[in-house]
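For the sequence shown, this note's numbering assigns the number 227 to the initial residue and increments by one for each residue that follows.
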Amino acid sequence: MKLNEEKFTIPVGNKTVSSIRTSTDKDPAFTFVYAPGAGSNINDPFGEYLSSHLPTVGASLVRFQFPYMDAGRRGPDRPALLEETWRQIINSFRPKEGKLVIGGRSMGGRIASQVVAQGIQVDALALFAYPLHPPSNRSAIRDEHLKDIIVPTIFCSGSRDNFATPKELTGVSNSMTDAKFHELDGADHGFSVLKRSGRTREDVWKEALDITVVWMKDILVSAC
Numbered sequence: 227m228k229l230n231e232e233k234f235t236i237p238v239g240n241k242t243v244s245s246i247r248t249s250t251d252k253d254p255a256f257t258f259v260y261a262p263g264a265g266s267n268i269n270d271p272f273g274e275y276l277s278s279h280l281p282t283v284g285a286s287l288v289r290f291q292f293p294y295m296d297a298g299r300r301g302p303d304r305p306a307l308l309e310e311t312w313r314q315i316i317n318s319f320r321p322k323e324g325k326l327v328i329g330g331r332s333m334g335g336r337i338a339s340q341v342v343a344q345g346i347q348v349d350a351l352a353l354f355a356y357p358l359h360p361p362s363n364r365s366a367i368r369d370e371h372l373k374d375i376i377v378p379t380i381f382c383s384g385s386r387d388n389f390a391t392p393k394e395l396t397g398v399s400n401s402m403t404d405a406k407f408h409e410l411d412g413a414d415h416g417f418s419v420l421k422r423s424g425r426t427r428e429d430v431w432k433e434a435l436d437i438t439v440v441w442m443k444d445i446l447v448s449a450c
């Protein structure tokens, strides 16, 4: 199946961000917008994996990077700018038809959840390796805004993720309006696995992709 890749530059205030949309010639049932974690960028390996596979199952994939990444800086932008970037990206790629799902890995997903909690209109939220708290301070849980999210939400994180345990994410998802948690057995925050597990990081990527696709299709069916 031929994949089409389009590159865009999106203005955010007096700054710009780079974005890429990957799709096929068919009208997508979903548009999925993905943001990377704090230490990654538009070439985030998991984002690239999604862009190679999601379009083959009926979704277009948009990935982007935040202004500090475009500027070549290592430290993230202030929260207000990160949130405004998400809003501009959503408004730029909002489909005329089909569902809009947004999310991302680690910080990219956390900021997505914040703008959804603030009320921007999307159909669903997919959060990979959600950073519920810093590894060094498990009591500093960042979940207050999650109770305000009413759209279908999926958390997909590893059993060895030191930013959130399966027990913690199960509790968070159970407290939300419409959320579920999927545990990636043996994976850490970067979706890496121990050699003795017999699995590879790409195996984890595929599992995360497969569960997300099933979840997306369930959303489409329930909306009919």
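C-beta atoms are modelled at their ideal positions from N, C-alpha and C, and glycine is treated no differently.
- Scanning Met295, Ile328 and Ala343 for the CA closest to the CA of Thr403 turns up Ala343.
- Between Leu353 and Gly334, the C-beta spacing is not below 7 Å.
- Going by beta carbons, Asp374 and His415 fall outside the 7 Å limit.
- A straight-line Cα-Cα distance of about 15 Å links Leu372 and Gln347.
- Using a Cβ distance threshold of 7 Å, Phe290 and Ile315 count as a contacting pair.
- Proximity to Trp312 across Gly265, Thr242, Ala255 and Arg427 peaks at Thr242, based on C-alpha coordinates.
- Distances from the CA of Pro378 to each of Lys322, Leu351 and Ser423 were compared; the closest alpha carbon is that of Leu351.
- Inclusion of Thr396 and Phe389 in the CB contact set at 7 Å is not warranted, their separation being larger than that value.
- Leu276 sits buried, since 16 or more C-beta atoms from the chains shown fall within 10 Å of its C-beta.
- In this structure, Val288 lies near Arg247, with their beta-carbon atoms less than 7 Å apart.
- By the neighbour-count criterion, in which a residue is buried when 16 or more other Cβ atoms sit within 10 angstroms of its Cβ, Ala285 is buried.
- Tyr260 has its alpha-carbon roughly 12 Å from the corresponding atom of Ser339.
- In this structure, the beta-carbon distance from Pro262 to Asp270 falls below 7 Å.
- Of the residues Val238, Gly345, Lys421 and Leu326, the one whose Cα lies closest to the Cα of Ala297 is Val238.
- In the DSSP assignment, Ser339 falls within the alpha helix (DSSP H) that extends over Met333 to Ala343.
- Between Glu370 and Lys393, the alpha-carbon positions lie close to 17 Å from each other.
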